[in-house]
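Going by our numbering, the residue at position 100 of the sequence shown is 103; the numbering climbs one at a time, nothing skipped.
Cβ coordinates follow ideal geometry from the N, Cα and C atoms, glycine included.
Shown next, in structure tokens, is the structure this report addresses.
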Amino acid sequence: MRVLLVGAGGVGTAITRIAARRPFFDLMVVADYDPARAEAAVAALGDAGDRFRAARVDAGDEAAVAALLAAHGCDVLLNATDPRFVMPLFRAAHAAGATYVDMAMSLSRPHPERPYEECGVKLGDEQFALAAQWERAGALALVGMGVEPGLSDVFARYAADELFDTIEEVGVRDGANLTVDGYDFAPSFSIWTTIEECLNPPVVYEEGRGWFTTAPFSEPEVFDFPEGIGPVECVNVEHEEVLLVPRWVGARRVTFKYGLGGEFIETLKTLHRLGLDRTAPVTVPGPDGPVRVSPRDVVAACLPDPATLGERMHGKTCAGTWVRGTKDGAPREVYLYHVVDNQWSMAEYGCQAVVWQTAVNPVVALELLATGAWSGAGVLGPEAFPARPFLDLLTAYDSPWGLREQ
Numbered sequence: 004m005r006v007l008l009v010g011a012g013g014v015g016t017a018i019t020r021i022a023a024r025r026p027f028f029d030l031m032v033v034a035d036y037d038p039a040r041a042e043a044a045v046a047a048l049g050d051a052g053d054r055f056r057a058a059r060v061d062a063g064d065e066a067a068v069a070a071l072l073a074a075h076g077c078d079v080l081l082n083a084t085d086p087r088f089v090m091p092l093f094r095a096a097h098a099a100g101a102t103y104v105d106m107a108m109s110l111s112r113p114h115p116e117r118p119y120e121e122c123g124v125k126l127g128d129e130q131f132a133l134a135a136q137w138e139r140a141g142a143l144a145l146v147g148m149g150v151e152p153g154l155s156d157v158f159a160r161y162a163a164d165e166l167f168d169t170i171e172e173v174g175v176r177d178g179a180n181l182t183v184d185g186y187d188f189a190p191s192f193s194i195w196t197t198i199e200e201c202l203n204p205p206v207v208y209e210e211g212r213g214w215f216t217t218a219p220f221s222e223p224e225v226f227d228f229p230e231g232i233g234p235v236e237c238v239n240v241e242h243e244e245v246l247l248v249p250r251w252v253g254a255r256r257v258t259f260k261y262g263l264g265g266e267f268i269e270t271l272k273t274l275h276r277l278g279l280d281r282t283a284p285v286t287v288p289g290p291d292g293p294v295r296v297s298p299r300d301v302v303a304a305c306l307p308d309p310a311t312l313g314e315r316m317h318g319k320t321c322a323g324t325w326v327r328g329t330k331d332g333a334p335r336e337v338y339l340y341h342v343v344d345n346q347w348s349m350a351e352y353g354c355q356a357v358v359w360q361t362a363v364n365p366v367v368a369l370e371l372l373a374t375g376a377w378s379g380a381g382v383l384g385p386e387a388f389p390a391r392p393f394l395d396l397l398t399a400y401d402s403p404w405g406l407r408e409q
């Protein structure tokens, strides 16, 4: 396997450090718009970096991406950029005949008249619209293969296959007790992506009704997270699992709730009130004349890079899937989860917990594709594949998962 990794930010860098310890691939080309970032990611691997190469590429330039795939003979494109670049990279992989893997799906657009009742363009719609082309070509696009979406979807498939006869609800629940020294507000993941998913109308799925939307931060609940994290208030947030799980797992209801905390929610609401969540450029004065800038890009530039916060960060992050239904005629309720302690991920990999937890899952998926344990054609989510090989290999990566009976 020869992999083109596009994006050498926090998650991309963590991917290189995890993959460097595994023998399943021959080459990984690490490409970024900023060649210095790609070179730094490769240089940090030291003697373990002999299977890695650094390159520059504009993720929005489909022809350049396809040419880079061909130049290095790469048969897989792993997308570690933000969701704005999903479609150009998705199309470039298809044009080059490469397998495509991402961790977030094509962007949504709210319904123009009823944004908090009806779906407009849903997450992933643009990719699924091209599924037949991928299937006819015998090519695979594995979409939403991070931690959430990704591992959370694998948990849903595992629950359906091995733990339940019928499923009433699949509810992804994400929470943490992470703190960052020296900052009043320092998101542990990309603020661009966080704003996108938290301020868009959340999607809920119900059998018989299909997908519908609700207001941001709706239906708050307190969820008790394992391994010392404890109770965290969670709210509805737009996320890919709600669009993926019902396609392959039979469940009467699917939800996603994120443990943001009151202060974080108020900050996001303030950004929205001020229009600082917008992506469309606005004109501002500059020393050489007016400049067009995106307000959201300005917010991101003013905040610390999440990849640099590891030394200041303390605590744990938990991603998991809560499932309720029946088994052998009796009610059952479980929480399948994966916890990463920042102290461990920093000591072991030099990566903060949130980016490491995101990065490990696509690497596991690549290894399963390389060995043939996972295979397929079309545009497929993690639920379309058997869960047990993934969970066994995740444990072999020294990253065990847990199951708690509720």
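Contact between the segment 119-130 and the segment 70-82 (3+ Cβ pairs under 8 Å): no
Quickly, what does DSSP pair valine 183 with across the bridge? List them, please. Met316
How is alanine 362 classed by DSSP in three states: helix, strand or coil? helix
First and last residue of the uninterrupted alpha helix (DSSP H) at methionine 90: 89-99
Could you tell me which uninterrupted alpha helix (DSSP H) segments, each at least 4 residues in length, are contained entirely in the segment 73-148, listed from first to last along the chain? 89-99, 128-131 and 134-139
Short Cβ contact (8 Å threshold) for leucine 369 with leucine 396: no
Tell me, please, whether the segment 318-326 touches the segment 177-185 by the rule of three or more beta-carbon pairs shorter than 8 Å. yes
For the beta strand (DSSP E) that contains leucine 406, what are its first and last residues? 405-408
Measuring straight from C-alpha to C-alpha, what distance separates glutamate 143 and lysine 319? A small correction: the amino acid at residue 143 is leucine; glutamate does not occupy that position in the sequence shown. If I take the Cα positions, the gap works out to 34 Å.
Pick from Phe192, Gly328, Glu171 and Glu236: whose alpha carbon is nearest that of alanine 83? Phe192
Nonlocal neighbours in the same chain, by C-beta distance under 6 Å from aspartate 227, ignoring five residues either side: Pro234
Where does phenylalanine 259 fall in DSSP's three states? strand
Distance CB(methionine 31)-CB(valine 6) smaller than 8 Å: yes
For the segment 129-140 against the segment 302-311, do three or more pairs of beta-carbon atoms, one drawn from each stretch, fall closer than 8 Å, so that the two count as touching? no
Which residue marks the beginning of the alpha helix (DSSP H) containing methionine 4, and which one marks its end? Premise fails: methionine 4 is in no alpha helix (DSSP H) and is neither H nor E.
Okay, do the segment 273-280 and the segment 198-217 touch, 3+ Cβ pairs below 8 Å being the bar? yes
Less than 8 Å between the CB atoms is what I'm expecting for valine 157 and alanine 390, so what's the real figure, rounded? 5 Å
Could you check the C-alpha separation between glutamate 171 and arginine 327 for me, to the nearest Å? 6 Å
Distance between beta carbons of cysteine 354 and tryptophan 214, contact taken as under 8 Å: About 34 Å; that fails the 8 Å criterion.
Rank Ser402, Asp53, Glu386 and Ala96 by C-alpha distance to the C-alpha of alanine 159 and give the top, closest one. Glu386
Which of helix, strand or coil DSSP assigns to glutamate 165: helix
Among Val367, Gly375 and Val343, which has the Cα closest to the Cα of glutamine 360? Val343
Thinking C-beta only, is valine 358 closer than 8 Å to alanine 310? yes
Does threonine 273 pass the burial test, meaning 16 or more other C-beta atoms within 10 Å, or should it be called exposed? exposed
Using a 10 Å radius around the Cβ and a threshold of 16 neighbouring Cβ atoms, would you call serine 111 buried or exposed? buried
Quick check on leucine 71 - is its C-beta less than 8 Å from some C-beta in chain C? This model lacks chain C altogether, as it is built from one protein chain only.
Going by the CB atoms, is the gap between aspartate 331 and aspartate 168 shorter than 8 Å? yes
Return the first residue and the last residue of the alpha helix (DSSP H) that cysteine 305 is part of. 298-305
Which residues does DSSP pair with cysteine 354 in a beta bridge? The partner list for cysteine 354 (beta bridge, DSSP) is empty, contrary to what the question assumes.
Mind checking who tryptophan 214 pairs with in its DSSP beta bridge? Tyr208
For glutamate 241 versus valine 257, is the C-beta distance shorter than 8 Å? no
Taking only the alpha-carbon atoms, compute the straight-line gap between leucine 263 and cysteine 237 and give it to the nearest angstrom. 6 Å
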